[in-house]
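Input: a single structure, listed below in structure tokens.
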Amino acid sequence: MTAVSGEQAVSDSYDARALQDKWQARWAEENPFTASEDPSDPRPRSFIVDMFPYPSGDLHMGHAEAFAIGDVIARYRFGRGENVLHPIGWDSFGLPAENAAIKRDSHPAEWTYANIETQAESFKRYGIALDWSRRLHTSDPEYYRWNQWLFTRFFERGLAYRKDGRVNWCPNDQTVLANEQVVQGKCERCGAEVERRALNQWYFKITDYADRLLDDMRELEGKWPERVLLMQRNWIGRSQGADVHFAVEGRDEPVTVFTTRPDTLYGATFFVVAADAPLAEELCAPEQREAFEAYRVQVGRLTDIERQSTEREKTGVFLGRYAVNPVNGERIPVWAADYVLADYGHGAIMAVPAHDQRDLDFARTFDLPVRVVVETGEADPAESGTATAGEGTLVNSGPLDGLTKTDAIPRIVDVLAERGTGEGTVNYRLRDWLLSRQRFWGTPIPIIHCPGCGEVPVPDEDLPVRLPDNLRGADLAPKGVSPLAAAADWVNVDCPRCAGPAKRDTDTMDTFVDSSWYYLRYCSPDLDTAPFDAGQVGKWGPVDQYVGGVEHAILHLLYSRFFTKVLYDMGMVSFTEPFTRLLNQGQVINQGKAMSKSLGNGVDLGKEIDLYGVDAVRLTVVFAGPPEEDIDWADVSPAASLKFLNRAYRVMSQAAAASEPGTDPASGDLELRRATHRTLAKVTEAVEAQRFNVAIARIMELVTATRKAIETGPGAADPAVREAAEAVAVTLSLFAPYVAEEGWELLGHTGSVAVGNWRVPDPALLVQETVTCVVQVASKVRDKLEVSPDISAEELESLALASEKVRNSIGERQVRKVVVRQPKLVNIVVG
């Protein structure tokens, strides 16, 4: 401790653990971050949501970054005096808990809720400004009851349905996966090679909303990262084209194919059917049956990703049938192949090898004809091995010859329509959302299967359909069907319609159902008569700022957008997009690589906090760079952050010891006052632009300026020093809440620094009366001039050439050129 003038002592450093204990207790007692529901509260509302965590263990470095960034935004809104809803919840269903229960011979709830409590305490320690009264867990029956209620409403609207289909199957987790959960042919969660299986599964009809999901992105442009919007557009994949009907010899009904290039119909020289499509089996001639069956088994071992790879050698089998090209009557052979998928378009394509690379590779493998119908000026594909997919002029195409693609497409669509062999249409890459899971720890699907009544929803008054609590450990081990199937007392029920014997559906819902609407539940988490209070949602929603990882760009965000649009159509919400603004943070890596136990480069968040304190860790992750960029922990220094925070603490402590609260700063040092108000303006601007590292840099500059004023200027008692110290406390509260709260209290204030204390800069103090102009001779600095910001180039040049230091530097040399960048630079070139 160092004695200073006045009675209060000044400390050179702070005790991080002591401050954390003190202010955690204070926040718990005072609840400064609880949102107000008072309808007479005049403050503007702000709804800030962080993508809620999965309780797989304690918080890690990824949480440290993501939640620090979300907290900066929330604290800034708190500081501006807004009524902020910044809630917390846990995405607590899922496979990790079930696998942990199998390993520990326990129930998944035991592992799940123990981890939730651990994370909750860590969030409190980490100083996140949360409204703890809104806390929710998706594995609570009080929550998943409403998953089931919403499923029933979707079912009634025809948006939830069951069908047979080939699905992605994880042999390790023994459950189906949505296409989006397969990454390079492997299970996104466990990394196992994914198989294709034929199963009867539940789907949400998200394809009904494909156009709206695409078109409504106009509302999000400039507010969501462009790469996220691009990823969603590509995933939905709207394609304008035509359905073309091909007669197939030996079949009464024509086979329809979708193509985006109907203008190339004259170049179709063969026909391809997905090997796993029922159509392939139907079309296969008896003499080709044995070869086809062997080939279909081979294809069944491949994932969709592998089948669509351009690197794989093309394989296929002739089905012994011919189709008829509807524009020229030509007989073309029908093949089964693996590069066409059963669920794309109609599961069949017309192959135009001259102008599609995969068709060309197939044609070259099986010696099939290649006919150019679009002249692009490039080499003949049959000779070069490269398809010409670009623009050009139609050739070898009868009435289309000489037309461009733009003119030829509507012409051929008209011809097809006139002949009754086709029509213009739209196709999508998007497939319906496969939501069935053959595992235990999820929301039971609220359907009862009755031999007489069919699929019967569980009545609303019987919800929730609770998970049985007597299944543990080995009972949950993957068996290819849901563990719920073995719970006979749970499965066997009476039909709600006819009272006859029936069975519950034993699949559970994809956990993305839980996270598709959870943000709405935050508005009324304890409501027991509806999923959410529509009135409260109308007051708070949509979310003003959503923060989370870009890895959810397709799955979670697309599903949330879909749910919101359905709820809008049901009259339950008044908006069609859930998240007005989206911020994606980068990853925290170490030594250039993602952290992992196998690489030995993991960083323990708890240990870093023990070493440096919460504030230093928070400051480090936010200061490392723009929020969307990755942070390499090997390149940052929490120790340096701690040194800065100690300097900031000393500045606040010195100002508090030397002056009293309420001192009028007007009589204080003018330059420091200007520095303070410029900092306030720049920090506000940087935070609004979500350049939080820039805001921290400006605060650091103010701390340096204030220390200089204390040590070599007017001293700690100057009113401008107190004003600067208070500005440090207020702005630093976004990033280092413990130090900021303590400094604010030292400076004589009550209540949290984070709530309603943001400072508005004085415009008069932002006006710069002079600026420093650097004068260079031969690119070396020779003088610095204090000049008006409005000085003209001619006047600045004259002043620079009149400088004695400059004249001495020029000496006898000739001035060849003077470059003026008023008001800050003059460069004199001599020869």
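The sequence shown stops at residue 832 when you use this note's numbering, and every number in between is there.
Note that beta-carbon positions come from the ideal geometry of N, C-alpha and C, so glycine has one too.
I need the straight-line Cα distance from THR565 to TRP541, nearest angstrom please. Counted from its first residue, the sequence shown places residue 565 at position 564. Counted from its first residue, the sequence shown places residue 541 at position 540. Those two C-alpha atoms are separated by around 15 Å.
Report the residue from LYS608, ASP719, SER668 and ALA649 whose alpha carbon sits nearest the alpha carbon of MET701. Looking up residue 701 in the sequence shown gives position 700. For MET701, the nearest C-alpha among the options comes from ALA649.
State the start and end residues of the unbroken beta strand (DSSP E) segment that holds MET351. Locating residue 351 in the sequence shown gives position 350, where the first residue counts as 1. MET351 -> beta strand (DSSP E) spans 349-352.
Quick one: any contact between the stretch 350-367 and the stretch 257-274, if contact means 3 or more CB pairs under 8 Å? By the Cβ criterion, the stretch 350-367 is in contact with the stretch 257-274, since at least three pairs of Cβ atoms, one from each stretch, lie closer than 8 Å.
Within the continuous beta strand (DSSP E) that includes ARG822, where are the two ends? Counting from 1 along the sequence shown, the entry for residue 822 is found at position 821. Per DSSP, ARG822 belongs to the beta strand (DSSP E) from 816-822.
Closest by C-alpha distance to TYR210, when choosing among LEU528, PHE563 and ASP633: Walking along the sequence shown from the start, residue 210 turns up at place 209. The option with the nearest alpha carbon to TYR210 is PHE563.
Around the Cβ of PRO43, are there at least 16 other Cβ atoms within 10 angstroms (buried) or fewer (exposed)? The residue labelled residue 43 in the question sits at position 42 within the sequence shown. With fewer than 16 Cβ atoms within 10 Å of its Cβ, PRO43 is classed as exposed.
To test your reading of the DSSP string, which unbroken beta strand (DSSP E) runs of 3 or more residues are found completely within the stretch 13-74? 46-51
Could you tell me whether any Cβ in chain D is nearer than 8 Å to the Cβ of ARG372? No chain D appears in this structure, which consists of one protein chain only.
Under 8 Å between C-beta atoms of LEU230 and LEU221: Here the question's residue 230 lines up with position 229 in the sequence shown. Here the question's residue 221 lines up with position 220 in the sequence shown. For LEU230 and LEU221, yes; Cβs fall inside 8 Å.
Quickly, what does DSSP pair ILE448 with across the bridge? List them, please. Residue numbering aside, residue 448 sits at position 447 when the sequence shown is read from its first letter. Answer is PRO458, bridged to ILE448.
Chain-order list of residues whose beta-carbon lies under 7 Å from that of SER784 (same chain, five-residue window excluded): The sequence position of residue 784 within the sequence shown is 783, counting from 1. The sequence given here places Asp at residue 784; Ser does not occur at that position. These residues qualify, in order along the chain: VAL776, SER804, LYS806 and VAL807.
For GLN120, count the other beta carbons within 10 Å of its own beta carbon; 16 or more makes it buried, fewer makes it exposed. Which is it? For the purposes of this step, residue 120 is identified with residue 119 of the sequence shown, where counting begins at 1. So GLN120 counts as buried.
Whole-angstrom C-beta distance between LEU435 and GLN202, which should lie under 8 Å: Residue mapping note: residue 202 aligns to position 201 of the sequence shown, counting from 1. Residue mapping note: residue 435 aligns to position 434 of the sequence shown, counting from 1. Correct: roughly 6 Å between the Cβ atoms.
With a threshold of 7 Å on Cβ separation, who are the neighbours of GLN588 within its own chain once the five nearest residues in sequence on each side are excluded? Sequence index remark: in the sequence shown, residue 588 carries index 587 (1-based). Counting only Cβ-Cβ distances below 7 Å, and skipping sequence neighbours, we find GLY63, ALA595 and ASP631.
Distance, Cα to Cα, GLU379 vs THR389? In the sequence shown, the residue the question calls residue 379 occupies position 378. In the sequence shown, the residue the question calls residue 389 occupies position 388. If you take the alpha carbons of GLU379 and THR389, they lie about 7 Å apart.
How close, in whole Å, do the beta carbons of ALA676 and ALA687 come, if the pair is a contact with beta carbons under 8 Å? Taking the sequence shown and counting its residues from 1, the one referred to as residue 676 is at position 675. Taking the sequence shown and counting its residues from 1, the one referred to as residue 687 is at position 686. Not confirmed; about 16 Å, so no contact.
Which full runs of the alpha helix (DSSP H) of 4+ residues lie inside the stretch 99-164, going along the chain? DSSP assignment within the stretch 99-164 yields the following whole alpha helix (DSSP H) runs of 4 residues or more, N-terminal first: 109-126 and 142-157.
Can you give the beta carbon distance from SER140 to PHE94, rounded, assuming they're within the 8 Å contact cut? Looking up residue 140 in the sequence shown gives position 139. Looking up residue 94 in the sequence shown gives position 93. Confirmed, Cβ separation roughly 5 Å.
Which of helix, strand or coil DSSP assigns to GLY301: Locating residue 301 in the sequence shown gives position 300, where the first residue counts as 1. In this structure, GLY301 counts as helix in the three-state DSSP scheme.
Distance CB(ALA275)-CB(VAL318) smaller than 8 Å: For the purposes of this step, residue 275 is taken as the residue at position 274 of the sequence shown. For the purposes of this step, residue 318 is taken as the residue at position 317 of the sequence shown. Going by C-beta atoms, ALA275 is not nearer than 8 Å to VAL318.
If the criterion is Cβ atoms closer than 8 Å, does the pair VAL544 and PRO579 meet it? Indexing the sequence shown from 1 puts residue 544 at position 543. Indexing the sequence shown from 1 puts residue 579 at position 578. Yes, the pair counts as a contact, with Cβ atoms nearer than the cut-off.
Thinking C-beta only, is ASP633 closer than 8 Å to ASN602? Taking the sequence shown and counting its residues from 1, one reaches residue 602 at position 601. Taking the sequence shown and counting its residues from 1, one reaches residue 633 at position 632. No, they are not a contact pair.
Give me, in chain order, the residues of the same chain whose beta-carbon lies closer than 8 Å to that of ALA193; leave out the 5 immediate sequence neighbours on both sides. Mapped onto the sequence shown, residue 193 falls at position 192. Cβ within range, chain order: CYS171, PRO172, ASN173, ASP174 and LYS187.
Within the continuous beta strand (DSSP E) that includes GLY550, where are the two ends? Taking the first residue of the sequence shown as 1, we reach residue 550 at position 549. Per DSSP, GLY550 belongs to the beta strand (DSSP E) from 546-550.
What does a CB cutoff of less than 8 Å around ILE1 pick up in its chain, not counting 5 residues either side in sequence? As shown, the chain starts at 2 and ends at 832. That puts residue 1 outside it, with no answer to give.
For the candidate residues ARG198, HIS678, THR316 and SER14, whose alpha-carbon lies nearest to that of LEU766? As a first step, residue 766 is located in the sequence shown; it is residue number 765 there, counting from the start. With distances taken between Cα atoms, LEU766 lies closest to HIS678.
If you follow the beta strand (DSSP E) that GLY607 is in, where does it begin and where does it stop? Taking the sequence shown and counting its residues from 1, the one referred to as residue 607 is at position 606. In the DSSP annotation of this structure, GLY607 is not part of any beta strand (DSSP E); the continuous alpha helix (DSSP H) holding it starts and ends at 606-613.
Three Cβ pairs or more, each shorter than 8 Å: is that satisfied between the stretch 85-94 and the stretch 515-527? yes
Can you give the beta carbon distance from VAL538 to VAL514, rounded, assuming they're within the 8 Å contact cut? Along the sequence shown, read from residue 1 onward, the residue named residue 538 stands at position 537. Along the sequence shown, read from residue 1 onward, the residue named residue 514 stands at position 513. Their Cβ separation, rounded to whole angstroms, is 18 Å, which puts VAL538 and VAL514 out of contact at 8 Å.
In the DSSP output, which residue or residues are listed as bridge partners for ASN84? Here residue 84 corresponds to residue number 83 of the sequence shown, with the count starting at 1. As a beta-bridge residue in DSSP terms, ASN84 pairs with ARG46.
I believe THR444 touches TYR145 by the beta-carbon criterion, under 8 Å. Please report the beta-carbon distance rounded to the nearest angstrom. The sequence position of residue 444 within the sequence shown is 443, counting from 1. The sequence position of residue 145 within the sequence shown is 144, counting from 1. That pair is a contact at about 4 Å.
Beta carbon of THR621 nearer than 8 Å to that of VAL604: Indexing the sequence shown from 1 puts residue 621 at position 620. Indexing the sequence shown from 1 puts residue 604 at position 603. Not closer than 8 Å, so no.
Which residues in the same chain as THR3 place their Cβ atom closer than 8 Å to its Cβ, once the five residues preceding and following it in sequence are excluded? Within the sequence shown, the letter at position 2 stands for residue 3. At THR3, the pLDDT of 31 sits below 50, so the modelled position is not reliable; the number obtained from the coordinates is stated separately. ALA10, VAL11, SER12 and ASP13, listed in sequence order.
By DSSP, does THR771 sit in helix, in strand, or in coil? Reading the sequence shown from its first residue, position 770 is the one you call residue 771. THR771: coil per DSSP, three-state reduction.
Going by the CB atoms, is the gap between PHE247 and MET351 shorter than 8 Å? Position 350 of the sequence shown, counted from the first residue, corresponds to residue 351. Position 246 of the sequence shown, counted from the first residue, corresponds to residue 247. Yes, the Cβ-Cβ distance between MET351 and PHE247 is below 8 Å.
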